[in-house]
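Residue numbers (this note's numbering): 208 to 412.
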């Protein structure tokens, strides 16, 4: 698995342009993205994330893609493990008082310090989770999924269904009309490592 992740990081890194200095608007765009992402995890809306919130997200993803893959592997445990890794990575950066809770501002700050303009930081913290979700959706293990499966992934991650449909349709497809793992994870990497505004997740009203 580590070798596969290393290859993915090598492939994804060129999608991020590392540079010094950011405008206020760029950082505001990134903060807005991460604030929206925070709320997809905050299942009870109490303004704090805990390890349990990440496990609830893993359970939601497992329900979206039930049953074992064609190779007989059940994805429930890998999703739970990847969600735990995501939590551990964010908590190490954000949970300074070690109370087992992360506020929205702490989450945003951790993303800024740990993943913004940093493909390797993204690979350590968030990539394993998104890779696990893709693997759960990839029932035949050929590292390709349908556009409908991408839409389902986005909804499982907390996107509005209508927005998920639009975003999924924007992905490039291969000759068979399928979306590759690298295509999906490149988009995910851009989400976490750049200030480019996103369309999948919205802030609650």
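Ideal Cβ placement from N, Cα and C applies to all residues, glycine included.
Helix, strand or coil at residue 351 according to DSSP, with G and I counted as helix: strand
Per-residue DSSP class, three states only, for residue 247: Helix, per DSSP.
C-alpha gap between residue 395 and residue 337, whole angstroms: If I take the Cα positions, the gap works out to 8 Å.
Start and end residues, alpha helix (DSSP H) containing residue 264: In this chain, the alpha helix (DSSP H) harbouring residue 264 covers 258-271.
Cβ-based burial, residue 405 [other Cβ within 10 Å; buried from 16]: With 16 or more Cβ atoms within 10 Å of its Cβ, residue 405 is classed as buried.
Beta-carbon proximity list for residue 220, same chain, < 6 Å, skipping 5 on both sides: Legend: pLDDT at residue 220 = 49, less than 50; position of this residue unreliable, value from coordinates given subsequently. Here the set comprises 326.
For residue 354 and residue 375, believed in contact at Cβ under 8 Å, the rounded distance: 5 Å
Backbone secondary structure at residue 337 - three-state DSSP: helix
Those runs of the beta strand (DSSP E) which lie wholly inside the region 269-311 and span at least 3 residues: With a minimum length of 3 residues, no continuous beta strand (DSSP E) run stays inside the region 269-311.
Selection from 269, 276 and 334 that minimises the alpha carbon distance to residue 399: 334
Whether residue 410 touches residue 287 by CB criterion (8 Å): no
For residue 271 and residue 344, the rounded distance between their alpha carbons: 8 Å
Residues that residue 255 bridges to, as DSSP identifies them: 310
Beta-carbon separation (whole angstroms), residue 268 vs residue 363, contact threshold 8 Å: 5 Å
Alpha-carbon spacing of residue 241 relative to residue 309, whole angstroms: Distance between residue 241 and residue 309, taken at the CA atoms: about 13 Å.
Status (buried if at least 16 other CB within 10 Å, exposed otherwise) for residue 368: exposed
Alpha-carbon to alpha-carbon, residue 348 and residue 277: 7 Å
Cβ distance (whole Å) where residue 360 is taken to contact residue 340 below 8 Å: Between residue 340 and residue 360 the Cβ distance is about 6 Å, and since that is below 8 Å, they are a contact.
Residue 392 - containing alpha helix (DSSP H), residue span: 388-400
Helix, strand or coil at residue 329 according to DSSP, with G and I counted as helix: helix
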